[in-house]
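K.L.:
Before I ask anything, here is the structure I am working with.
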């Protein structure tokens, strides 16, 4: 099984590359993210016939024939808010290009939309996909299913798994989670990228999973493609946007604390040992709505007296708003990024950025009043006044909310190639989610001389978003480093290193098999990525910030080279 898309907007030619690059049985594509549903919701307001990922259709103009020639099934969640519409469009395309394929789709994820919201969708599992494939579908498109369901459904159809095959399903969930973000599994966005030949990372190939009947798998990529698959790249993706030991889904709850990784040859990592438990009785439902209006102005402060220049423009902006008689926006955020360098050899390197973000329920409050107040300072403010772009009239921003819904109350319909509507029943057995007690920590690393150095010299990290929360997975690559990390990087130390999290609830999860700690930071992202309230609204670089922070590290764990002096 392969992947050809990690998000709506991923590399366009990946589908063709995966179909022509080597053997495949099934090619999946993940097009949906929390923000994507909001984008598709607004698209559907303009045209009720849309609401799906149109890029997927354009990729199929060439890919449909290639898949048919090679006997490859295509399974994608590109249907978004209108899987029936996309299925019809694929059939029309197949007729146009003369490729005799059968098309099916999965629906039922769409929920009644509460007042004030734009979309509401439950995250379905893989049983509908399996039913479509067993009925002979060559192409299956879905609405909102879990990202891993593209893999679990396809594998269940191939191997004949039922809802009681929990360990096998859990193994497929883990493989699906590794595949879902495309090239993040093959060296993309990887903490230790400098350890590899830059030429290999220039254009990483998309990942594959060789899945076996027991749910174990090997993560790899087509021979000759760029990128790297090793224990570290797979560990990084396993930690991405996950939390504790129990990784819940509609089909099964996978126990991430049972995952075992092993090298299986060049660019091959074996995953086995995964245990599964009955899924919870509820499904995750994602709701999106327009949260209000926002505007942004970035002032450039060059040369000397940067802090004083920032104070001046903030005071002047507040005064201009007051004199204009406008009500101040409900939320006003200033952030000074000291990107300037002393005695810089270019003007850009001599400059800092002062970012103003305003938000309000009223478009007028963030529109002309704000842009006018900013621009009228142009000739009467700090020396060297300019902004990165002319202020605009503001734009709407979105909010994502997650709510549980009883699985028994959600339709899950497989619409087979002949039009038959097959209702999928919820799993016969469920289990309420409960936290897993942290396992015993390894023996502490022996005390000895330390140096103050960046955590990233020995630890990798990958971070991301889930609604308003952020996740930071941190891992090391040998047992000695794990003995140190497990005791050193407590919640308290995490908050010290990332002061932005000091007043928030941070939960630490311990995953010894991966030599990893996974931190969930509740509320860091406010109302989520679509609200764009934070400088890094998806927390993509939160882990790299953590890796850049200095702390005392045992000298014996640090590689040879120029390092700061011994401190203890």
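Residue numbers (our numbering): 3 to 570.
All residues carry an ideal CB built from backbone N, CA and C; glycine is no exception.
Using the Cα positions of residue 356 and residue 394, report the straight-line distance between them to the nearest angstrom.
P.N.:
17 Å
K.L.:
How would you write the range of the beta strand (DSSP E) that residue 36 sits in, first residue to last?
P.N.:
First-last for residue 36: 36 to 48, but that is the alpha helix (DSSP H), not the beta strand (DSSP E).
K.L.:
Determine the DSSP secondary structure at residue 449, reduced to helix, strand or coil.
P.N.:
coil
K.L.:
Put residue 395 into one of helix, strand or coil per three-state DSSP.
P.N.:
Residue 395 carries a coil assignment under DSSP once its states are collapsed to helix, strand and coil.
K.L.:
Among 542, 359, 503 and 259, whose alpha-carbon lies nearest the alpha-carbon of residue 438?
P.N.:
259
K.L.:
Can the beta-carbon of residue 14 be found closer than 9 Å to that of residue 57?
P.N.:
yes
K.L.:
Based on the DSSP output, what are the partners of residue 249 in its beta bridges?
P.N.:
256
K.L.:
Could you tell me which whole beta strand (DSSP E) segments of length 3 or greater appear in the region 319 to 351?
P.N.:
333 to 339
K.L.:
Is it buried or exposed, residue 481, if we count other Cβ atoms within 10 angstroms and call 16 or more buried?
P.N.:
exposed
K.L.:
Is the beta carbon of residue 206 less than 9 Å from the beta carbon of residue 226?
P.N.:
no
K.L.:
Output yes or no for whether 9 Å exceeds the beta carbon distance between residue 155 and residue 261.
P.N.:
no
K.L.:
Would you report the Cα separation of residue 558 and residue 255, rounded to the nearest angstrom?
P.N.:
39 Å
K.L.:
Classify residue 570 as buried or exposed, calling it buried when 16 or more other Cβ atoms lie within 10 Å of its own Cβ.
P.N.:
In this predicted model, residue 570 has a pLDDT of only 45, less than 50, meaning its place in the structure is not dependable enough to derive any value.
K.L.:
If we ignore side chains and look at the alpha-carbon of each, how far apart do residue 446 and residue 514 end up?
P.N.:
14 Å
K.L.:
When the Cα of residue 3 is compared with those of 290, 23 and 463, which residue comes out closest?
P.N.:
From the listed residues 290, 23 and 463, the smallest Cα separation to residue 3 is found for 23.
K.L.:
Using the Cα positions of residue 188 and residue 476, report the straight-line distance between them to the nearest angstrom.
P.N.:
Straight-line spacing of the CA atoms in residue 188 and residue 476 works out to 18 Å.
K.L.:
Answer yes or no: do residue 368 and residue 291 have a C-beta to C-beta separation smaller than 9 Å?
P.N.:
Contact flag unset, no.
K.L.:
For residue 518, which residues in the same chain have their Cβ closer than 7 Å to its Cβ, ignoring the five residues on either side in sequence?
P.N.:
237, 241, 475, 476 and 477
K.L.:
What residue range is occupied by the uninterrupted beta strand (DSSP E) comprising residue 61?
P.N.:
Here residue 61 belongs to no beta strand (DSSP E); instead the alpha helix (DSSP H) covers 56 to 72.
K.L.:
Taking only the alpha-carbon atoms, compute the straight-line gap between residue 104 and residue 419 and give it to the nearest angstrom.
P.N.:
6 Å
K.L.:
Between residue 284 and residue 409, which are expected to be in contact by the criterion C-beta below 8 Å, what is the C-beta distance as a whole number of angstroms?
P.N.:
6 Å
K.L.:
Is residue 353 buried or exposed, if buried means 16 or more other CB atoms sit within 10 Å of its CB?
P.N.:
buried
K.L.:
Assuming residue 379 contacts residue 322 under a Cβ cut-off of 8 Å, what Cβ separation, rounded to an integer in Å, is found between them?
P.N.:
Between residue 322 and residue 379 the Cβ distance is about 7 Å, and since that is below 8 Å, they are a contact.
K.L.:
To which residues does DSSP link residue 455 through a beta bridge?
P.N.:
553
K.L.:
Alpha carbon to alpha carbon, how far is residue 372 from residue 359?
P.N.:
CA-CA distance, residue 372 to residue 359, rounds to 10 Å.
K.L.:
Kindly list the residues whose CB is nearer than 7 Å to the CB of residue 299, restricted to its own chain and excluding five residues on each side of it in sequence; keep chain order.
P.N.:
Here residue 299 has 358, 376, 389 and 393 as same chain residues with Cβ atoms under 7 Å from its own Cβ, once five neighbours each way along the sequence are excluded.
K.L.:
Is it true that the CB of residue 471 sits closer than 9 Å to the CB of residue 525?
P.N.:
yes
K.L.:
Nearest to residue 36 by alpha carbon, out of 555, 243, 88 and 52?
P.N.:
243
K.L.:
Using the Cβ count rule (16 or more neighbours within 10 Å means buried), how would you classify residue 219?
P.N.:
The Cβ neighbour count for residue 219, taken over all protein chains shown within 10 Å, is at least 16; the residue is labelled buried.
K.L.:
Would you kindly check if the distance between the Cβ of residue 193 and the Cβ of residue 234 is under 9 Å?
P.N.:
yes
K.L.:
Does the region 158 to 173 come within contact of the region 86 to 105, defined as at least 3 CB pairs closer than 8 Å?
P.N.:
no
K.L.:
Secondary structure at residue 482, three-state DSSP: helix, strand or coil?
P.N.:
helix
K.L.:
Buried or exposed: which applies to residue 521, given that a residue is buried once 16 or more other Cβ atoms fall within 10 Å of its Cβ?
P.N.:
buried
K.L.:
On a CA-only basis, which of 162, 86 and 32 is nearest residue 422? Give me that one, please.
P.N.:
86
K.L.:
With contact counted as at least three CB pairs below 8 Å, one residue from each stretch, are the region 62 to 80 and the region 27 to 35 in contact?
P.N.:
yes
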